[in-house]
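In the numbering used here, the protein residues as written are 660 to 803.
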């Protein structure tokens, strides 16, 4: 199927690549079907692109790449909702707020996007009992 995207124009997407967010994403509850697209060929970043709304694409990355100490435990109801059977079926992403300059970009560690790759089910999970916030600076300044 052809999908109009925010960053890549029109792209061809196989039905098997679609990820269903049964309850949408907070703020976008009517958007239930997305696809993950690479931001560029050699990038650490992906686009979570809405299938129905070309202008709706979230820049994602693995939080573990930039925040080595990042650690979350999924509540049991999320594991059930996403039909997760094994840890290998789960991929965790953080939504980025891209800034200019890029060094000011922040990651939302409080509300990760969880994807069950075996079932193509996704959910943005808001972690309430955590020290993580919605704006962690992606690129940390080096201490001199």
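All C-beta atoms in this analysis are idealised placements derived from N, C-alpha and C, irrespective of residue type, glycine included.
Checklist entry - Is the beta carbon of residue 731 sitting closer than 9 Å to the one on residue 667? => result As a first step, residue 731 must be located in the chain shown, where it is residue number 72. As a first step, residue 667 must be located in the chain shown, where it is residue number 8. No, they are not a contact pair.
Next on the checklist: Quick check: what's the CA-CA separation for residue 755 versus residue 664?
Outcome noted: Position 96 of the chain shown, counted from the start, is the residue given in the question as residue 755. Position 5 of the chain shown, counted from the start, is the residue given in the question as residue 664. Straight-line Cα distance between these residues: approximately 17 Å.
Checklist entry - Using the rule of at least 16 other Cβ atoms within 10 Å of the residue's Cβ for burial, across every protein chain shown, is residue 757 buried or exposed? => result Numbered from its first residue, the chain shown carries residue 757 at position 98. Counting other Cβ atoms within 10 Å of its Cβ, residue 757 stays below 16 and is therefore classed as exposed.
Item to check | 8 Å contact criterion, which residue 733 and residue 710 should meet: CB distance rounded | outcome: Residue 733 sits at position 74 when you count from the first residue of the chain shown. Residue 710 sits at position 51 when you count from the first residue of the chain shown. Contact flag wrong, Cβ pair sits at about 25 Å.
Item to check | Rounded C-alpha distance that separates residue 713 from residue 662 | outcome: As a position in the chain shown, residue 713 is number 54, starting the count at 1. As a position in the chain shown, residue 662 is number 3, starting the count at 1. Near 8 Å, if we compare the C-alpha coordinates of residue 662 and residue 713.
Item to check | Which listed residue (777, 740, 688, 771) has its alpha carbon closest to that of residue 789 | outcome: The residue given as residue 789 occupies position 130 in the chain shown. Nearest C-alpha to residue 789: 771.
Checklist entry - How would you write the range of the beta strand (DSSP E) that residue 724 sits in, first residue to last? => result Taking the first residue of the chain shown as position 1, residue 724 is located at position 65. Membership of residue 724 in any beta strand (DSSP E) is not indicated; the residue belongs instead to the alpha helix (DSSP H) covering 722 to 725.
Next on the checklist: Quick check on residue 737: does DSSP put it in helix, strand or coil?
Outcome noted: Here residue 737 refers to the residue found at position 78 of the chain shown. Three-state result, residue 737: helix.
Checklist entry - Buried or exposed: where does residue 722 fall if 16 or more other Cβ atoms within 10 Å of its Cβ makes it buried? => result Here residue 722 refers to the residue found at position 63 of the chain shown. Buried, because 16 or more other Cβ atoms sit within 10 Å of the Cβ of residue 722.
Next on the checklist: Going by DSSP in three states, residue 782 sits in which element: helix, strand or coil?
Outcome noted: Within the chain shown, residue 782 is the residue found at index 123, counting from 1. In the three-state reduction of the DSSP assignment, residue 782 falls in the strand class.
Next on the checklist: Between residue 748 and residue 775, how many whole angstroms is the CB-CB distance? I'm expecting something under 8 Å.
Outcome noted: The count along the chain shown starts at 1 and reaches residue 748 at position 89. The count along the chain shown starts at 1 and reaches residue 775 at position 116. About 5 Å separates the two Cβ atoms, so the contact holds.
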